[in-house]
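Going by the UniProt record's numbering, the sequence shown opens with residue 1, and the numbers climb by one from there. Virtual Cβ for every residue (Gly too), placed ideally from N, Cα, C.
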Amino acid sequence: MWRYAGNRPMRPLDTVILDAGLKDAIIKDCQDFIASKDWYMKRGIPFRRGYLLYGAPGSGKTSFIQSLAGEFRLDIYTISLAGSDMDDSNLMRLIAQLPERCIILMEDIDAAITITGRRDETGSSNRNQSESTRHVTLSGLLNVLDGVSAQEGRILFATTNHIEALDPALTRPGRMDVHYEFKLASKSQITALFTLFFDDLGSENSAKEKIERGDLTKLAVQFSDAIPEHMFSMAELQGYLMRYKAQPYEAAAEAFQWAECELERKDAPAITITAGWIAHRRIMLWYYYVSRVLRMPL
């Protein structure tokens, strides 16, 4: 049985910061699908669409889906494939109860079947021990995605942090029609996130410090310069900025030290922190502290 989980305030799409082109591509594809029912019917193509969003944890996959649902006025039906009471029969029953217009969300789809069953050239399933120990089998999942019992009119979003763990039979067109990668934060995302946090510039209803538009732009660039690209998730950066909701100057000035400590804690081998890189950031750190104390123009 479906259980009502409550309403959430609609989150504007412009508050979900993704790399250029990624957000627009998914929105456009969804718009095209929703408006194309007659096109599908005339050609005998099942009217359903599957999206696989994959990439690093905290990169905005679920947040974007929730925002997209609000944009299109669609309810989200979340299915936990790894739930203790979930098996093939219950999954099929839940799918059959869905309305025609909705979003189905299957988060961490790789967690349902951790060792995939491969198919041979005849199409038969060579399932291994994982399917006997999991409640939802690969064949059961495939059946609800595009088998006889598959629901039409719905939009499926599946998320995973480990696309390499998914069986190719699960990710092929007709089941997961399009795949989009969500990466760790790029320079443009880092800059945009800082700007979003402090963009009200100390308006009447804000507790944030008043800063000039030019200062905000320069602070955002300084913040992005202090954060190595593709090393932190947007969730991690948001967590850092939450400490400085009313302190944009301090948030920019202390970002380098925070990033350096976090990288050391992670023992991240993928980045080489050179002496020159450290020296440059420390000079900029000193400059921003002096600018802040003396109120010099940035």
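- Scanning Thr160, Ile95, Arg265, Ser224 for the CA closest to the CA of Gly58 turns up Thr160.
- Taking C-beta atoms as the reference points, Thr171 and Leu52 count as a pair closer than 9 angstroms.
- With fewer than 16 other Cβ atoms from the protein chains shown falling within 10 Å of its own Cβ, Met242 counts as exposed.
- Under the three-state reduction of DSSP output, Thr217 falls in the helix class.
- Nearest neighbour of Asp108 by Cα position, chosen from Arg43, Phe157, Leu91, Val148, turns out to be Phe157.
- The C-beta separation of Arg11 from Gly70 comes to about 6 angstroms, placing the pair in contact by the 8 angstroms criterion.
- For Met92, same chain residues with a beta-carbon under 8 angstroms away, outside a window of 5 residues either side, are Gly140, Asn143, Val144, Ser149 in chain order.
- Minimum Cα-Cα distance from Phe194 among the listed residues Val136, Asn90, Glu236 corresponds to Glu236.
- In the same chain as Arg175, and ignoring 5 residues on each side of it, the C-beta atoms closer than 6 angstroms to its own belong to Gly50, Leu145, Asp146, in chain order.
- Looking at the DSSP output, Tyr51 bridges to Phe157, Val178.
- The Cβ neighbour count for Met106, taken over all protein chains shown within 10 Å, is at least 16; the residue is labelled buried.
- Taking 9 angstroms as the cut-off, the beta carbon of Leu138 is found closer than this to the beta carbon of Ala169.
- With respect to the 9 angstroms criterion, Ala220 and Ala192 are classified as neighbours on the basis of their beta carbons.
- DSSP places Thr78 inside the beta strand (DSSP E), whose first and last residues are 76 to 78.
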